[in-house]
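Here's the structure, in structure tokens; my notes come after.
Chains as they are written, first to last, in my numbering: chain A, 16 to 210; chain B, 16 to 210.
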């Protein structure tokens, strides 16, 4: 028992590093870049709050677990900007190596369990994973709107580019995808996002 | 439906502010102070990882929900340092006002649900709440040890003072409380914590 506990504590100490992984997204007031740990917290509460809008019934406790775990691989693999085509080419490979090391700190049965949850998120096939991915795509849009453009402006992202993400939101929630279309129209009108 | 969704989105935008609430605890490498949003993420994964060590069987999805929500009131009420006796005198009152405003942004049924979860955490009576509180007490100890003293040294906290927290860990998990005693002995020996 003590040996298992020590492995679990080592894992928990190691994943603290996710607080140092910076995303391109700014926090809502635009003060600074968001880190992947606080982003994961925000997603977990967003999924909890918005669960009723999922296309299919979801097991919200599984969705929450997915979003809490989904970015841990970034500790080794770094955050890959969603519009970085080159960085996304070898993302899966880099992240699998990271997952092997990080989840490998845990006792065997938990390693397998967490790895399976992460793979399920990445595969975007189950209802839970589709909804979790929809929430992961939704939140940065809200942040950019609150920061009056945020990373859209820093990186010269236009409406057409943002629209390439909408199908992944629609896969998990038609309601949220329709809502996103409205707020993006509004963001273009206000000049936060170029047409 | 749209009206409900707009209320939910307003709540999610507002709670982003938790990322700006700084705790006394340093992140594990000691680089900077931890914020309450990333702290809540860490607790959620710590509860998930350590669930088997709870004294009584817990519903881990409820424990996770509690720790994700437990600090939201700090957006208005601020973080009260656990050893600040004066600040803790009116903490409950300040936090209830904050909860009324923040959870009040949500649709009625969700407001009631989130408020109940938060009250349950604060009351520390149910098995789920006892375990959630144990995890909330455990994690800063690990952080201080990793930062070779951290907020213990900044605030002149000694072993006797830290030991006043152990009963709340023991309430949720005998195993974790025993483990804490060992790592505190070790911290004193290494000079991270004064005897």
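Each residue gets a CB set at the ideal place from its N, CA and C atoms; glycine is no exception.
Predicted, not measured: the structure shown is a model, and the values here were computed from it.
Query raised in the report: I think residue 258(A) touches residue 55(A), with their Cβ atoms under 8 Å apart; what is that distance to the nearest whole Å?
Result: Residue 258(A) lies beyond the residue range present for chain A, which begins at 16 and ends at 210; the question has no answer from this structure.
Query raised in the report: Where are the alpha helix (DSSP H) runs, 4 residues long or more, that stay fully inside the region 79-123 of chain B, in chain order?
Result: 89-92, 100-104 and 106-118
Query raised in the report: Are the C-beta atoms of residue 92(B) and some chain A residue less than 7 Å apart?
Result: no
**Report entry** Buried or exposed (CB count within 10 angstroms, at least 16 for buried), residue 101(A)
**Finding:** exposed
Query raised in the report: Based on Cα-Cα distance, which residue from 150(A), 97(A), 29(A) and 103(A) lies nearest to residue 187(A)?
Result: When each option's Cα is compared against that of residue 187(A), the closest is 150(A).
Requested in this report: Sort 170(B), 44(B), 28(B) and 49(B) by Cα distance to residue 44(A) and report the nearest one.
Outcome: 28(B)
**Report entry** Stretch pair the region 106-118 of chain A + the region 81-89 of chain A: three plus CB contacts closer than 8 Å
**Finding:** yes
Query raised in the report: Which residues of chain A have a Cβ atom closer than 8 Å to the Cβ of residue 88(B), listed in chain order?
Result: Those do not exist, as residue 88(B) stays about 14 Å from chain A at its closest Cβ, beyond 8 Å.
Requested in this report: Note down, in chain order, every chain B residue with its Cβ under 7 Å from the Cβ of residue 26(A).
Outcome: 64
**Report entry** Nearest-angstrom Cβ-Cβ length linking residue 162(B) and residue 41(B), presumed shorter than 8 Å
**Finding:** 5 Å
Query raised in the report: Tell me the DSSP bridge mates of residue 209(B)?
Result: 173(B)
Query - Exposed unless 16 or more other CB atoms sit within 10 angstroms - verdict on residue 185(B) - result: buried
Query - 7 Å Cβ cutoff, residue 201(B) in contact with chain A - result: no
**Report entry** Helix, strand or coil at residue 50(A) according to DSSP, with G and I counted as helix
**Finding:** strand
Report task. Starting from residue 136(A), find everything on chain B with Cβ-Cβ shorter than 8 Å and list it in chain order. Result -> Residues of chain B passing the Cβ test: none, with the nearest at roughly 14 Å.
Query raised in the report: residue 42(B) CB to nearest chain A CB: under 7 Å?
Result: A Cβ of chain A is located within less than 7 Å of the beta carbon of residue 42(B).
Query raised in the report: Are the region 191-203 of chain B and the region 123-143 of chain B touching, with three or more C-beta to C-beta distances below 8 Å?
Result: no
Query - DSSP-derived helix/strand/coil call for residue 37(B) - result: strand
Query raised in the report: With burial defined as no fewer than 16 other Cβ atoms inside 10 Å of the residue's Cβ, what is the status of residue 205(A): buried or exposed?
Result: exposed
**Report entry** Separation of residue 26(B) from residue 158(B), as counted between CA atoms
**Finding:** 30 Å
Query - Nearest candidate by alpha-carbon position, reference residue 33(B), set 53(A), 59(A) and 19(A) - result: Residue 53(A) holds the alpha-carbon nearest to the alpha-carbon of residue 33(B) among 53(A), 59(A) and 19(A).
Query raised in the report: Is the shortest distance between the beta-carbon of residue 55(A) and the beta-carbons of chain B less than 7 Å?
Result: Output row for residue 55(A): interface = yes.
**Report entry** 8 Å contact criterion, which residue 129(A) and residue 121(A) should meet: CB distance rounded
**Finding:** Right, their Cβ atoms sit about 7 Å apart.
Report task. Starting from the beta carbon of residue 30(B), find every residue of chain A whose beta carbon is closer than 8 Å, and list them in chain order. Result -> 57 and 60
Query raised in the report: Which residues in the same chain as residue 58(B) place their Cβ atom closer than 7 Å to its Cβ, once the five residues preceding and following it in sequence are excluded?
Result: 82, 150, 151 and 154
Requested in this report: Indicate the three-state DSSP secondary structure (helix, strand or coil) for residue 184(A) in the structure shown.
Outcome: helix
Query raised in the report: Is residue 22(B) close to chain A, meaning its C-beta is less than 7 Å from at least one C-beta of that chain?
Result: no
Query raised in the report: Thinking just about the alpha-carbon of each residue, which of 126(A), 172(A) and 70(A) is nearest to the one in residue 208(A)?
Result: 172(A)
Requested in this report: Drop a sphere of 10 angstroms on the beta-carbon of residue 39(B), count the other beta-carbons inside from all chains shown, and report buried for 16 or more, exposed for fewer.
Outcome: buried
**Report entry** Which listed residue (144(B), 98(B) and 201(B)) has its alpha carbon closest to that of residue 84(B)
**Finding:** 144(B)
Query - chain B within 7 Å of residue 52(A), Cβ atoms only - result: yes
Query raised in the report: Taking C-alpha atoms, which residue in 179(A), 140(A), 104(A) and 169(A) lies nearest to residue 73(A)?
Result: 140(A)
Query raised in the report: Does the beta carbon of residue 188(A) sit closer than 7 Å to a beta carbon anywhere in chain B?
Result: no
Requested in this report: Show which residues of chain A have a CB atom less than 8 Å away from the CB atom of residue 161(B).
Outcome: Residue 161(B) reaches chain A at 28 and 31, counting residues in chain order whose Cβ is nearer than 8 Å.
Query raised in the report: Buried or exposed: residue 178(A), going by 16 or more other Cβ atoms within 10 Å of its Cβ?
Result: exposed
Query raised in the report: Is any beta-carbon of chain B found at less than 7 Å from that of residue 34(A)?
Result: yes
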